[in-house]
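Trainee: Take a look at the following structure, please.
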Amino acid sequence: MTDTTVGPSAVTTEPILSVEDLHVSFGRGNVTVQAVAGISFAMRQGETLGLVGESGCGKSTTGRAIVQVEKATSGKIRFGETELTSLSRGDLRTLRTQVQMIFQDPISSLNPRRRVIDIVSEPLNIWKIGTKQERVETCRAMLDRVGIDSYVNGSRRPREFSGGQCQRISIARALVLKPKLLVCDEIVSALDVSVQAQILNLLQDLKAEYNLTVLFIAHDLAVVKNVSDRVAVMYLGRLCEIAPSDLLYEAPAHHYTAALLASAVEPDPEAPRMAAALTGEPPSPINPPSGCRFRTRCPRAEGRCAEEVPEMREIAPGHQVACHFPIGT
Amino acid sequence: MSSRRLLEVEDLQVSFATSRGPLQAVQGVSLTLDQGKTLGIVGESGSGKTVLSRAIMGLLPRATTTQTGSVRYDGTELLNAPNDELRKLWSTHIAMVFQDPMTSLNPVQRIGNQITEPLRIHLKLSKSEAKETAMSLLMQVGIPSPVERYEAYPFELSGGMRQRVMIAIALACAPRLLMADEPTTGLDVTVQAQILDLLSQLQRDRDMAMILVTHDLGVVATRTDEIIVMYAGNVVERAPTDVLFKSMAMPYTEALLKSTPRIAEPSHTRLIAIEGRPPDLLNPPSGCPFSPRCPYAQDRCHVEKPPLVEASPGHSYACWYPLTAADPVSPSPQPDPVPA
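The listed protein sequences correspond, in order, to chains A and F. Counting from 1, one number per residue, gives the positions in the first sequence under my numbering. Counting from 1001, one number per residue, gives the positions in the second sequence under my numbering.
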């Protein structure tokens, strides 16, 4: 391959998904954990939005709330013309033909007792799409497309496959109904580097072929940059910053984003090595800090940060940050 | 500081007895490590890196493994040495930090007990001396409010804190060689950076040798003196860290690096994936183990297994058609023009 860069995919301006002031809380009585504490963002048709953050920041919960696996405590999630938070169970089932999710653990997210061909054809059977023969053919084509030879492997069960192959099967299952929105939750974090690259490349190709909109949730900053058109950074249930990928990594405006980038390791001995930018660990989401949630670890925090929650504001076209004292201003 | 040879591994072979026959997990690995130096062992799952580190420690089950070759620590042969011999070296000379800090700590023992145990057994410290040392260790590894943490159980701590405790236990008896097997896998990036910095700093302070086992080239790039790349139980390349990244010779090393996404590259850079999967070690391919996936493989690669040859001082690789072809001692003639 001579040209190693592929331009960002065609993105229109029409939002396919918009999330407004989403809250998700767990627990009852006195102890509640605000896993997601009021986040808003929109995704345009055809774009890949990366969602990064450390464990416990609420990124997975956000993804799960969008596909309605987790119930939103409050807030709005609009998919096209449909408001998802108030859908009936029946309508929700119909919706799931258009919104699909791929999970982290490729092996445990497939039913161990079923054959691969049955796993992938189940969505088609439920919706009775096409004749029986057509369904089988669609499935075989889908499996072949993700790199699983359907004639050799169709009758095998998940345990006979490696993690990378199981993730390919999960992708086939998610795409067989031709959804519009795909939520990928840490889909490559259990895979070896060489297999990870295969899956990421496959996802990029399928995204173009199926005109998918992808919410890509991951903790690995390099992986997220590679696949995303825009990246949103989350900390302790709130969004810190959203910007086009290259801009975010080049000129982070939020101190947390900068700290994350400084902590990342690159396979290059000459890469500038910064001292660990953050000390300690995120505070508990049961009792989050007042004001800006990052202030307890922020090098720039002042009195105002404890009193006033920083609102998301636009500091450059497409670049939003929730900080009273963003970097570079 | 002096740089004396601390560890010498020669032609180490480890095979497991399985129901489908013997599995050669480590196939003739040799390495050396000097005092105060850091060696990185890099490989994907199934490459034998963890088995190698456990064999060096003497932690593999004897009943089901066959281990041949030699592992000498400071002149003492460790391989197949009786357990009470090894026990004298564990903790005081060689210590290990394991990957999973949740399952490696005893869940029903307080943190304090787990740190003082080696101090009391190996160094014969009194209870109060041991407690004092444990407190200072907790401080050294950066655990806030050590007095409370001393009484805590593992489940009360976060993953990063548990890994710090593991490091404190490993360092308790001031070992001269620290084995760290994927010490930061599963931790968040900010915590990973903290733990890696901590290990580097403690290593410098104590002039300790360290073996850092990882799947992540990023982890070893800036924190090691020398790197060994493993594939399917074999060392396929070995070089000083800067040499390895600058002039890698083994196509597998190159492929591993090219398939790793980088922050320094623009978004949507197409990754160069390695097609296929690592070989089945119960039924390994003939010839070079990487040949079925190697973009440069030629006929010879599929038939004849290349030996690990030292092509320039300190830089060895096992390849018939290495990438840096200018080596005069290269074991093969120049390759034909290779398809990209």
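Note that the Cβ used here is the ideal one computed from N, Cα and C, for glycine as well.
From CYS292 (chain A) to PRO252 (chain A), what does the alpha carbon distance come to, in whole angstroms?
Mentor: 17 Å
Trainee: Going along chain A, which residues have a C-beta under 8 Å from ILE1111 (chain F)?
Mentor: Ordered by position in chain A, no residue passes the 8 Å Cβ test against ILE1111 (chain F), which lies about 16 Å from the chain.
Trainee: In chain A, which residues lie less than 8 Å from ASP1205 (chain F) when you measure between Cβ atoms?
Mentor: Near ASP1205 (chain F) there are no residues of chain A at all, since even the closest Cβ is about 16 Å away, more than 8 Å.
Trainee: If the cut is a Cβ gap below 8 Å, which residues of chain F does LYS59 (chain A) touch?
Mentor: Within chain F, no residue comes near LYS59 (chain A); the closest Cβ sits about 12 Å away, beyond 8 Å.
Trainee: Which residue marks the beginning of the alpha helix (DSSP H) containing ASP118 (chain A), and which one marks its end?
Mentor: 116-126
Trainee: So with CB distances below 9 Å, who are the chain F contacts of ALA222 (chain A)?
Mentor: Within 9 Å Cβ-Cβ: GLY1218, THR1260, PRO1261, ARG1262, ILE1263, ALA1264 and GLU1265.
Trainee: Does the Cβ-Cβ distance between VAL183 (chain A) and GLY63 (chain A) come in under 8 Å?
Mentor: yes
Trainee: With a CB to CB cut of under 6 Å and the five nearest residues on each side skipped, what residues in its chain are close to SER1045 (chain F)?
Mentor: none
Trainee: With a threshold of 6 Å on Cβ separation, who are the neighbours of SER74 (chain A) within its own chain once the five nearest residues in sequence on each side are excluded?
Mentor: The beta carbon of SER74 (chain A) sits closer than 6 Å to the beta carbons of HIS23 from its chain, once the five residues preceding and following it are set aside; these are given in chain order.
Trainee: Does the distance from the C-beta atom of VAL33 (chain A) to that of ILE286 (chain A) stay below 8 Å?
Mentor: yes
Trainee: Alpha carbon to alpha carbon, what distance is there between ALA1193 (chain F) and SER1145 (chain F)?
Mentor: 21 Å
Trainee: Please classify ARG1149 (chain F) as buried or exposed, where buried requires at least 16 neighbouring CB atoms within 10 angstroms.
Mentor: buried
Trainee: Quick one: residues in its chain with C-beta nearer than 8 Å to the C-beta of HIS324 (chain A), no 5 flanking neighbours on either side, listed in chain order?
Mentor: If we look at HIS324 (chain A) and ignore the five residues flanking it on each side, its Cβ neighbours are CYS292, GLU302, ARG304, CYS305, GLU308 and PRO310.
Trainee: Under 7 Å between beta-carbons, which chain F residues line up against SER170 (chain A)? List them in chain order, please.
Mentor: None at all; the shortest Cβ gap to chain F is about 17 Å.
Trainee: Compare the C-beta of ASN226 (chain A) with all C-beta atoms of chain F and state if any pair is closer than 8 Å.
Mentor: yes
Trainee: Are MET1179 (chain F) and GLY1036 (chain F) closer than 8 Å when you measure CB to CB?
Mentor: no
Trainee: Strictly under 8 Å for the Cβ-Cβ distance: is VAL1189 (chain F) near chain A by that measure?
Mentor: yes
Trainee: Specify, as a first and last residue, the run of the alpha helix (DSSP H) that TYR151 (chain A) falls within.
Mentor: 150-153
Trainee: By a C-beta neighbour count over all protein chains shown, 10 Å radius and 16 as the cutoff for buried, is PRO1022 (chain F) buried or exposed?
Mentor: The residue in question, PRO1022 (chain F), is exposed, as its Cβ has fewer than 16 Cβ neighbours within 10 Å.
Trainee: Is the separation between the beta-carbon of ARG1164 (chain F) and that of VAL1189 (chain F) shorter than 8 Å?
Mentor: no
Trainee: Against chain F, with Cβ distances strictly below 8 Å, would SER108 (chain A) count as a contact?
Mentor: No, SER108 (chain A) lies away from the interface with chain F (no Cβ there is under 8 Å from its Cβ).
Trainee: Measuring straight from C-alpha to C-alpha, what distance separates LEU1157 (chain F) and ARG297 (chain A)?
Mentor: 19 Å
Trainee: Could you compute how far the alpha carbon of GLU14 (chain A) sits from the alpha carbon of ARG145 (chain A)?
Mentor: 29 Å
Trainee: Output the distance between the C-alpha atoms of LEU1171 (chain F) and THR1032 (chain F), rounded to the nearest integer angstrom.
Mentor: 22 Å
Trainee: Run the CB neighbour count on ALA208 (chain A), radius 10 Å, all protein chains shown included, and call it buried at 16 or more, exposed below.
Mentor: exposed
Trainee: In its own chain, which residues sit with a C-beta less than 8 Å from the C-beta of SER1003 (chain F), not counting the 5 before and 5 after it?
Mentor: These residues qualify, in order along the chain: ASP1034, GLN1035, GLY1036 and LYS1037.
Trainee: At the level of alpha carbons, what is the spacing between THR5 (chain A) and GLU1151 (chain F)?
Mentor: With a pLDDT of only 44 at THR5 (chain A), under 50, the local geometry of the prediction cannot be trusted, and the value read off the model is given with reservation. Near 54 Å, if we compare the C-alpha coordinates of GLU1151 (chain F) and THR5 (chain A).
Trainee: Provide the residue span of the beta strand (DSSP E) that contains ALA1172 (chain F), from first to last.
Mentor: Counting along the chain, ALA1172 (chain F) falls outside any beta strand (DSSP E), and DSSP gives it neither H nor E.
Trainee: Closer than 9 Å by beta-carbon distance: list the chain F residues that pair up with ASN400 (chain A), in chain order.
Mentor: A question about residue 400 (chain A) goes unanswered here, because the residues of chain A that appear run from 1 up to 329.
Trainee: Chain A beta carbons: is any one of them nearer than 8 Å to that of LEU1256 (chain F)?
Mentor: yes
Trainee: Taking the alpha-carbon of VAL1191 (chain F) as reference, which of A:LEU278, A:LYS128 and A:LEU177 has the nearest alpha-carbon?
Mentor: A:LEU278
Trainee: Among the residues of its own chain, which have a CB less than 6 Å from the CB of ARG78 (chain A), if the five just before and after it don't count?
Mentor: Result list for ARG78 (chain A): SER18, in chain order.
Trainee: Would you say the segment 1064-1071 of chain F touches the segment 1262-1274 of chain F, given that touching needs at least three Cβ pairs under 8 Å?
Mentor: As far as the Cβ criterion goes, the segment 1064-1071 of chain F does not touch the segment 1262-1274 of chain F, which means the pair count is below three.
Trainee: Step through the CB atoms of chain F and report whether any lies within less than 8 Å of the CB of LEU261 (chain A).
Mentor: So yes, LEU261 (chain A) belongs to the interface.
Trainee: Is the segment 233-251 of chain A touching the segment 45-58 of chain A in the sense that three or more CB pairs, one from each, lie closer than 8 Å?
Mentor: yes
Trainee: Distance cutoff 8 Å, beta carbons only. Does HIS219 (chain A) sit that close to anything in chain F?
Mentor: With 8 Å as the cut-off, HIS219 (chain A) counts as an interface residue toward chain F.
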